[in-house]
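For the sequence shown, our numbering gives the first residue as 6, with consecutive numbering after it.
Where a beta carbon is used, it is the ideal one built from N, C-alpha and C, also for glycine.
Computed from a predicted model, the values in this text were never measured in an experiment.
Written out below as structure tokens is the structure these notes cover.
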Amino acid sequence: FALPYEGIAAVVSSTATEKFEISRENTLRHQHVMEAVMERGHTVLPVRFDTIAEDKPDGSADAESRIVNHVLAQRKDEFSDLLALYRDRVELGVKGLWTEMNAVFAEIVNENDGIRLLRKRALDGASPRSGMRSGGMPLTVRLGELVKKALDAKKSAAEAELLNHLAGTILEARKNKTFGDPMFANLALLVEKSRQDDLAAALSAIEDERAGRVRLKLVGPMPLFNFIELVITWDD
6 FALPYEGIAA
16 VVSSTATEKF
26 EISRENTLRH
36 QHVMEAVMER
46 GHTVLPVRFD
56 TIAEDKPDGS
66 ADAESRIVNH
76 VLAQRKDEFS
86 DLLALYRDRV
96 ELGVKGLWTE
106 MNAVFAEIVN
116 ENDGIRLLRK
126 RALDGASPRS
136 GMRSGGMPLT
146 VRLGELVKKA
156 LDAKKSAAEA
166 ELLNHLAGTI
176 LEARKNKTFG
186 DPMFANLALL
196 VEKSRQDDLA
206 AALSAIEDER
216 AGRVRLKLVG
226 PMPLFNFIEL
236 VITWDD
């Protein structure tokens, strides 16, 4: 339910829980509440997960009045400015994935003389002694290290190229951790609501240009987790 104050409101729920576990289930529920509010046409400023207001032990104020008087009233100007700034903006997620990893690894081998040489030695069945470097590392381990380093560099280059292509359609970007070998980009993008279709079209054009070698997955709109997170404290 909403606790209103002079044109702004806090969306809250009653709970007997003193602290919530930071689990996938709980954080998704936290996100789903904000998405439901957004679907009703409201601008949402995310508050840090597990923010709980308690009744004062001396009985002088209950949790609801503390939220209204201590948070909304005291920070009204700040919240109003942020709501105005983000009213016409949304967060969208873009995940970039290579669809043909064999081709990516083949490019890495062709582009790197050191990797190509070590790979040849491994395929030729280098002896255990010849397969050791000065630090005592097996040839296959050294080869794996070089490939990972080259793959990370290739991911960074592909991510930078993607952001360069999207520069004209986004306001800001945040880089998040990627998962697995195929994912080269995991981006949070701040976009004007009116440019959402332009972003989708730009992603589609990049996929077409890459002839199916990359897949660009667009997610959202979502709460602005990557661009703003309000921290509420209860110090009077």
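Can you list, in chain order, the residues of its chain with a C-beta nearer than 6 Å to that of Leu167? Leave out the 5 residues immediately preceding and following it.
Gly101, Ala190
Once DSSP output is grouped into helix, strand and coil, what is the label at Val236?
coil
Could you tell me whether the Cβ of Ala155 comes closer than 8 Å to any Cβ of chain B?
No chain B is part of this structure, which consists of one protein chain only.
Name the DSSP bridge partner or partners of Ala15?
Leu8
Here's the rule I'm using: 16 or more other beta-carbon atoms within 10 Å means buried, otherwise exposed. How should Ala207 be labelled?
buried
If you compare alpha carbons, which of Leu223, Tyr91, Thr20 is closest to Gly46?
Tyr91
Please say whether Leu176 and Leu204 have beta carbons closer to each other than 8 Å?
no
Could you name the residues of the same chain whose beta carbon sits closer than 6 Å to that of Ser135, not counting the 5 residues immediately before and after it, in chain order?
Confidence is the limiting factor: at Ser135 the pLDDT is only 47, short of 50, which leaves the residue's position unreliable, though a coordinate-based value still follows. Answer for Ser135: no residue qualifies.
Extent of the continuous alpha helix (DSSP H) to which Gly149 belongs
144–171
Hey, is the stretch 102–122 in contact with the stretch 149–164, meaning 3+ C-beta pairs nearer than 8 Å?
yes
Residue range of the unbroken alpha helix (DSSP H) whose run includes Lys222:
First-last for Lys222: 219–227, but that is the beta strand (DSSP E), not the alpha helix (DSSP H).
Mind reading off the beta-carbon distance from Thr104 to Val224? Whole number of angstroms is fine, and I expect it under 8 Å.
So it is not a contact: roughly 18 Å between Cβ atoms.
Give a yes or no on whether the C-beta atoms belonging to Pro51 and Met43 are separated by under 8 Å.
no
Can you tell me the Cα-Cα spacing of His75 and Ser19, whole angstroms?
18 Å
In or out: Leu33 buried (at least 16 other Cβ within 10 Å) or exposed?
exposed
Based on the DSSP output, what are the partners of Val114 in its beta bridges?
Paired residues: none, contrary to the question.
Inter-residue Cα distance where the pair is Thr56 and Ala89:
24 Å
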